[in-house]
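Residue numbers (numbering that gives the first Met the number 0): 0 to 268.
Only one structure is covered here, and it is reproduced in the block below.
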Amino acid sequence: MSGIDAKKIRTRHFREAKVNGQKVSVLTSYDALSARIFDEAGVDMLLVGDSAANVVLGRDTTLSITLDEMIVLAKAVTIATKRALVVVDLPFGTYEVSPNQAVESAIRIMRETGAAAVKIEGGVEIAQTIRRIVDAGIPVVGHIGYTPQSEHSLGGHVVQGRDASSGKLIADARAVEQAGAFAVVLEMVPAEAAREVTEDLSITTIGIGAGNGTDGQVLVWQDAFGLNRGKKPRFVREYATLGDSLHDAAQAYIADIHAGTFPGEAESF
Numbered sequence: 000m001s002g003i004d005a006k007k008i009r010t011r012h013f014r015e016a017k018v019n020g021q022k023v024s025v026l027t028s029y030d031a032l033s034a035r036i037f038d039e040a041g042v043d044m045l046l047v048g049d050s051a052a053n054v055v056l057g058r059d060t061t062l063s064i065t066l067d068e069m070i071v072l073a074k075a076v077t078i079a080t081k082r083a084l085v086v087v088d089l090p091f092g093t094y095e096v097s098p099n100q101a102v103e104s105a106i107r108i109m110r111e112t113g114a115a116a117v118k119i120e121g122g123v124e125i126a127q128t129i130r131r132i133v134d135a136g137i138p139v140v141g142h143i144g145y146t147p148q149s150e151h152s153l154g155g156h157v158v159q160g161r162d163a164s165s166g167k168l169i170a171d172a173r174a175v176e177q178a179g180a181f182a183v184v185l186e187m188v189p190a191e192a193a194r195e196v197t198e199d200l201s202i203t204t205i206g207i208g209a210g211n212g213t214d215g216q217v218l219v220w221q222d223a224f225g226l227n228r229g230k231k232p233r234f235v236r237e238y239a240t241l242g243d244s245l246h247d248a249a250q251a252y253i254a255d256i257h258a259g260t261f262p263g264e265a266e267s268f
């Protein structure tokens, strides 16, 4: 069962869940069909992530996805969602120029998609921007540790928060909280470091490759349910093998056509 007991989840429910020691569940979603299923299943937060660039659009990195593309996907998710809180990523290039640019981008997302919050990558260096978005009346989820939009400057998919960089992780987490974010994603950081951050903060921490000491977890749904049949990150647990099921179903469909058994009487007028 879900950690949050509410007919319609709001940001305040995440604060209450943390106080009560309730774990929260988060999945990505980029379309109406998956959003409806996950919402009915009881997922607390649906993230329209810029990971859509990889798992929906087939691109190598998240850097190329545009705000217009994110908005189209987010509209589909919010239309299908009744209970979960929908959060949309601010994609690369939509907030780095200035806080004003970030606010304008966040306003577009909120106005055009019906989402409840935006997510933004970065810590200390982005705190002023988070504050400006929050001051505009828009809830924010932070994202620290490994930040995919900075993969080139970080040197690739490298675990963050080890040894000397653990102090930066704490500083980033505190900056995000103080700037007004109601939750923060911790990606690819050591489990103990993520636990320390979680204990230090009063806002919800959501882990991905950060151990189970965080307040909640998020996975890309195509990884978690086996639709992505390529190499999976170490932190992914596969709960289904949808890719194999779709492959087998497609072969069965092709076979029926070749055999002349589809459509049959039941599928004909």
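Each residue gets a CB set at the ideal place from its N, CA and C atoms; glycine is no exception.
| field | Length-filtered (4 minimum) alpha helix (DSSP H) runs lying within the region 151 to 224 | value | 165 to 178, 190 to 199 and 220 to 223
| field | Rounded separation between V123 and A101 - CA only | value | Start at 1 with the first residue of the sequence shown, and residue 123 comes out as number 124. Start at 1 with the first residue of the sequence shown, and residue 101 comes out as number 102. Rounded to the nearest angstrom, the two C-alpha atoms are 16 Å apart.
| For the alpha helix (DSSP H) that T128 lies in, which residues bound it at each end? | Sequence index remark: in the sequence shown, residue 128 carries index 129 (1-based). From DSSP, the alpha helix (DSSP H) with T128 extends over A126 to D134.
| request: Return the CA-CA distance between S1 and I125, expressed in angstroms with no decimal places. | output: The sequence position of residue 1 within the sequence shown is 2, counting from 1. The sequence position of residue 125 within the sequence shown is 126, counting from 1. Residue placement at S1 is poorly supported in this model, since its pLDDT is 49, which falls under 50; the coordinates still yield a value, given next. Going by the C-alpha atoms only, they are around 32 Å apart.
| query | Any idea what DSSP makes of E120, helix, strand or coil? | reply | Counting from one through the sequence shown, the residue named residue 120 turns up at place 121. E120: strand per DSSP, three-state reduction.
| message | Among the candidates V219, D222, R173 and W220, whose CA atom is the shortest distance from the CA of E198? | response | Numbered from its first residue, the sequence shown carries residue 198 at position 199. Checking every option, the nearest Cα to that of E198 belongs to R173.
| What does a CB cutoff of less than 7 Å around I78 pick up in its chain, not counting 5 residues either side in sequence? | The count along the sequence shown starts at 1 and reaches residue 78 at position 79. Counting only Cβ-Cβ distances below 7 Å, and skipping sequence neighbours, we find A31.
| Rounded to the nearest angstrom, how far is the Cβ of Y238 from that of F224, given a contact under 8 Å? | For the purposes of this step, residue 238 is taken as the residue at position 239 of the sequence shown. For the purposes of this step, residue 224 is taken as the residue at position 225 of the sequence shown. At roughly 6 Å, the Cβ-Cβ gap stays under 8 Å, so Y238 and F224 are in contact.
| message | DSSP three-state label for I143, please. | response | Within the sequence shown, residue 143 is the residue found at index 144, counting from 1. Of the three classes helix, strand and coil, the one that applies to I143 here is strand, per DSSP.
| query | When DSSP builds the beta bridges, which residues end up paired with S295? | reply | Absent from the model: residue 295. The displayed extent of the chain is 0 to 268, so no value can be given.
| request: Within 10 angstroms of the Cβ of L89, are there 16 or more other Cβ atoms? Answer buried if so, exposed if not. | output: Position 90 of the sequence shown, counted from the first residue, corresponds to residue 89. It is buried - the Cβ of L89 has at least 16 other Cβ atoms within 10 Å.
| field | Anticipated Cβ contact below 8 Å, A135 with I108, distance rounded | value | Taking the first residue of the sequence shown as 1, we reach residue 135 at position 136. Taking the first residue of the sequence shown as 1, we reach residue 108 at position 109. The Cβ separation is near 12 Å, so there is no contact.
| said: Among G57, T213 and D247, whose alpha-carbon lies nearest the alpha-carbon of Q221? | reply: As a first step, residue 221 must be located in the sequence shown, where it is residue number 222. Closest option to Q221, Cα to Cα, is G57.
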